[in-house]
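Take 1363 as the starting number for the sequence shown in the working numbering and just add one per residue.
Reviewing the structure listed below.
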Amino acid sequence: MTDPGDQNPQQPQWQRPPAQPDPQQGWQGNGPHQSGSGQQQTGQYGQQSPYGQSPTQPSGQYGQQSGQYGEQSSGQHSQQTGQYGQQSDQYGQQSDQYSQQTGQYGQTAQYGQQPTEQFGQQGTGQYGQQPTGQYGQQPTEQYGQAPYAQGAGGYGGGQQPPKKKLSKKGLTGIIVGGSALLLIIVGGVVGVTVGNALHAPQVTVESYLDALKSGDAEQALKLSGTEVSAADVLLTDDAYKAASGKVSGYTIGKTTTNGNTATVQARLTQGGESVDQEFTLTKVGKDAVLFDKWKLEAPELSTVQVDVVAPEDAVATVGGVDLTDVEPIAEGSYQLRALPGTYDVALSESDWYTAEATTTTAVGFGQAAEPATLAVALTDAGTTAVEEAVNAYIDGCGAATELAPEGCPFEIRNDTGFTPSGVTWKFDTRPTFTVGEFSGGGWAVDSETVGRMSMTCTLTDPATGQTGPGYSINPVDFIVGGTVEGFTDEGATFVPFP
1363 MTDPGDQNPQ QPQWQRPPAQ PDPQQGWQGN GPHQSGSGQQ QTGQYGQQSP YGQSPTQPSG
1423 QYGQQSGQYG EQSSGQHSQQ TGQYGQQSDQ YGQQSDQYSQ QTGQYGQTAQ YGQQPTEQFG
1483 QQGTGQYGQQ PTGQYGQQPT EQYGQAPYAQ GAGGYGGGQQ PPKKKLSKKG LTGIIVGGSA
1543 LLLIIVGGVV GVTVGNALHA PQVTVESYLD ALKSGDAEQA LKLSGTEVSA ADVLLTDDAY
1603 KAASGKVSGY TIGKTTTNGN TATVQARLTQ GGESVDQEFT LTKVGKDAVL FDKWKLEAPE
1663 LSTVQVDVVA PEDAVATVGG VDLTDVEPIA EGSYQLRALP GTYDVALSES DWYTAEATTT
1723 TAVGFGQAAE PATLAVALTD AGTTAVEEAV NAYIDGCGAA TELAPEGCPF EIRNDTGFTP
1783 SGVTWKFDTR PTFTVGEFSG GGWAVDSETV GRMSMTCTLT DPATGQTGPG YSINPVDFIV
1843 GGTVEGFTDE GATFVPFP
């Protein structure tokens, strides 16, 4: 048999070892051979006996003998027979030429570097003995786990117990929990962002304008805090829904916040036209602790004015609402607050007169609309009634029995000293007249041609009692004029000039 020290060093031939057995079980098989250079025997993984302990000198046929993967046997099995003391080329031969021991999968524990255990586990020798590493170095576990050696005495030398691997179920729980926490955080951030957006000043303005778009006047007035009186006959749902040319769309522009005040620019679409408007809001506290609460300041409403040129008994309507209970700002003139829109203006129906319907438009906010005028005109029945009333007046004067009939446009003075009696007036020519437009409380009646009257009577001498005929030397010319102030069931009411 040839001495192992005389063998020529050979290049170790490395092969992947079989799966690592339980480190508590002793390995059977051929241990790696120690070269004649006297270097310490190193296990396959280059593991080192912990705490710097000296390896036990093996006995056997070739001197030092270690178990498979660098394990050192002790006790009754420290003596290896020739069967087990032979060097195996399969699991990590060591030669003089290669002082470095290469571990499993070609890793090298070289000159004091910490060898790494497979999967972070530390192998133990047969019957619980620690394997001997190269150069007395202590192995380092892969993945940073503390090394530990299982032996008869449990965890010795103050070493940390092995960390329990996290189960798949536990890992899933951590992932789920972390995901839930992340969702809560993200949800909170999103919630605050959404909450701020929903409580921005422009949101209140949008709600106000949306109410106007839908014709909900009462909601719009509530949002703006506008106070309404009995005279505000147009600030109702009925009147506003009857209006045309309301706000049909809008675009929110720039929002400026200065302390507790915010201004919002908006461009309204009304009746096909664009109207720029600014709204002012005031911060009135917090909503849900986190979000600013804004209140829209009541915008100054636009006004419409209706001038009714009609008899006192005429009833004007605006937006379908009559103005009977509304106090005029001047005779026949009414001014009303209104939300943006166009309102129908009309006069109540009458047999005697009528007025052409018109409209008035409240543009945006804070503007005064051009006055809408209701100018009445006589119907045919009204014209006939006026003519009848004037002619009745003339006829009444013509039937007078006085030289100077009261309220009539003609008279004759008596300068003779005689007492007239049996006075009779006769129309030589009846006057013609015209009826003007209603103005100042009625329709004006003016003569178009002059009337001519003749008078006859009986004269009595008061001194003698003698009588004789009397007459007007010249015809009496006269004109007729006055005002038709209105109508009753009997017809027009004509009031002649005094």
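From the three backbone atoms N, C-alpha and C, an ideal C-beta is built for every residue, glycine too.
- Residue pairing of PHE1840 in beta bridges, as defined by DSSP: GLY1813.
- Here ASN1622 carries a coil assignment [DSSP, helix/strand/coil].
- LEU1736 is a Cβ neighbour of ALA1717, given a cutoff of 8 Å.
- Beta-bridge partners of GLU1635 (DSSP): GLN1632.
- Taking 8 Å as the cut-off, the Cβ atoms of PHE1856 and ALA1751 count as close.
- By the C-beta density criterion, PHE1859 is exposed, having fewer than 16 other C-beta atoms within 10 angstroms.
- Secondary-structure assignment with DSSP links GLY1830 through a beta bridge to LEU1821.
- Positions of the alpha helix (DSSP H) runs, each at least 4 residues long and wholly inside the stretch 1576 to 1621, are given as 1579 to 1586 and 1599 to 1604 in order along the chain.
- Taken atom to atom, the span from the alpha-carbon of ALA1624 to that of LEU1571 is near 17 Å.
- Two segments are said to touch when three or more pairs of C-beta atoms, one from each, lie closer than 8 Å; by this definition the stretch 1574 to 1582 does not touch the stretch 1659 to 1677.
- In this structure, DSSP gives GLU1749 a helical state, which the three-state scheme calls helix.
- Secondary structure of GLY1744 (DSSP, three-state): helix.
- PRO1782 sits close to ASN1776, with the two beta carbons spaced by under 8 Å.
- By the neighbour-count criterion, in which a residue is buried when 16 or more other Cβ atoms sit within 10 angstroms of its Cβ, ALA1692 is exposed.
- Beta-bridge partners assigned by DSSP to TRP1714: none are found.
- When the five nearest sequence neighbours on each side are left out, the beta carbons in the same chain lying within less than 6 Å of the beta carbon of GLY1726 are those of VAL1637, GLN1639 and PRO1702, in order along the chain.
- Of the candidates PHE1840, ILE1756 and ALA1747, ALA1747 places its Cα closest to the Cα of THR1850.
- In this structure, ALA1593 lies away from GLU1749, with their beta-carbon atoms at least 8 Å apart.
- A straight line joining the alpha-carbon of ALA1854 with that of GLY1830 spans about 42 Å.
- As computed with DSSP, PHE1727 is found in a beta bridge with LEU1663.
- Rounded to the nearest whole angstrom, the C-alpha separation of THR1619 and THR1644 is 10 Å.
- In the DSSP assignment, the residues bridged to ASP1669 are SER1695 and THR1735.
- Excluding five sequence positions before and after ASP1808, the CB atoms of its chain that fall closer than 7 Å to its own CB belong to PHE1795, THR1796, GLY1798 and GLY1843, given in chain order.
- VAL1785 sits close to CYS1819, with the two beta carbons spaced by under 8 Å.
- In the structure shown, the three-state DSSP call for THR1796 is strand.
- Straight-line measurement puts the Cα of TYR1696 at about 51 Å from the Cα of MET1817.
- For THR1781, the enclosing beta strand (DSSP E) begins and ends at 1781 to 1791.
- Straight-line spacing of the CA atoms in GLY1804 and VAL1565 works out to 54 Å.
- If you draw a straight line from the Cα of THR1679 to the Cα of ASP1706, it is about 8 Å long.
- If you check the CB distance, PRO1824 and THR1811 do not come in under 8 Å.
- The residue among SER1664, GLY1633 and SER1834 with its C-alpha nearest the C-alpha of LYS1608 is GLY1633.
- Distance from the CA of PRO1771 to the CA of ASN1836, rounded to the nearest whole angstrom, comes to 16 Å.
- Residue pairing by DSSP puts TYR1705 in a beta bridge opposite THR1722.
- C-alpha of TYR1602 to C-alpha of GLY1694: approximately 23 Å in a straight line.
- 8 Å or more divides the Cβ of THR1704 from the Cβ of THR1686.
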